[in-house]
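**Student:** First residue of the sequence shown: 1, per full-length UniProt numbering; consecutive thereafter.
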Amino acid sequence: RAWTPSFIRAPFSSKFHRPPLTLFFQSLLGLTQTPSFVNGSTGTEISFRCSVDEANYKLFWYQQLPGKTELKNRLKAKWEDSNSRKMRLDLLRLQANDTGFYLCAGYFSSADPKCDDQPRPSVILLSPVCHKKRITLVCLAQGFHYEWPLDVIWERDGQKITRLSSATEPVRKEGECNFATASRLSVLAEEWQKGHNYSCHVNQTGQVVGDSVEGIPDYKTGKEMLGNLSKQQGDE
């Protein structure tokens, strides 16, 4: 997988009081992109082109805002040829919020068109498991159509949790057009008892699927879990 950055800066125009606009353009998988450098300003139009030489690749465009790690969902772009190997992204009437990284991403798609008609992937948080002084949450992701990396993101009350607290298995094939993974998050029992909302989101090429669970979601379950936890601690 290769990254090829291009730098695009829109100059400041005092005549029209246009703010400076900076754009970056990158591509994945050794894709070819043009242009490599463009000057523009707010209110104007810029077009990016991305192409891949090999067949059976799907191309997508994303935007990444300055200082952010998240990618905006797929941007609307146009195919330029019947073989689906060239895609053009048009940015019309540039505004200040267009500033950022523009990413052309491609992934290998099965030659079998049946993969495109499969049901939506699923992400399920299994019932929490308590062991000693920790609670383990397991996020099971299934039904993803392509053997492409699955990005698993854990959140607590809407805030991302450091990846050092979780462990994610490699993507595995479970059948035709069916790829899966599992991720585990370890939480201190005292944190779990505070009733935080934990969620797991799985992203593949811009398609995000997720599930969430509340710490001690109901009185009965919470009482049982705390009872088991106290028993385990007493046995130590």
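In this text, a Cβ means the ideal position worked out from N, Cα and C, and glycines have one as well.
1) Nearest by alpha-carbon distance to L75: which of R85, K68, Q64 is it?
2) Tell me the residue span of the beta strand (DSSP E) that contains E190.
3) Within the same chain, show all residues whose beta-carbon is closer than 7 Å to that of S186, passing over the 5 residues directly before and after it, in chain order.
4) Confirm, please, whether the CB-CB distance from F48 to L94 is below 7 Å.
5) Can you tell me whether DSSP reads S41 as helix, strand or coil?
6) If you draw a straight line from the C-alpha of K132 to the C-alpha of A189, how long is it?
7) The beta strand (DSSP E) with Q118 in it runs from where to where?
8) Report the CB separation of R85 from S51 in whole angstroms; it is logged as a contact under 8 Å.
9) For V209, count neighbouring Cβ atoms within 10 angstroms of its own Cβ and tell me buried if that reaches 16, exposed if not.
10) Which class does D98 belong to by DSSP, given the choice of helix, strand or coil?
**Tutor:** Looking at the coordinates:
1) Looking only at R85, K68, Q64, the smallest Cα-Cα distance to L75 is reached by Q64.
2) Counting along the chain, no beta strand (DSSP E) covers E190; the unbroken alpha helix (DSSP H) around it starts and ends at 189-192.
3) Excluding five sequence positions before and after S186, the CB atoms of its chain that fall closer than 7 Å to its own CB belong to R134, T136, S165, given in chain order.
4) No. Outside cutoff.
5) Looking at S41 - three-state DSSP - the assignment turns out to be coil, as it is neither helix nor strand.
6) Near 9 Å, if we compare the C-alpha coordinates of A189 and K132.
7) From DSSP, Q118 is part of no beta strand (DSSP E); its letter is neither H nor E.
8) Confirmed, about 6 Å.
9) Within a 10 Å sphere around the beta-carbon of V209 sit 16 or more other beta-carbons, which makes this residue buried.
10) In the structure shown, D98 sits in a helix (DSSP, three-state: H, G or I).
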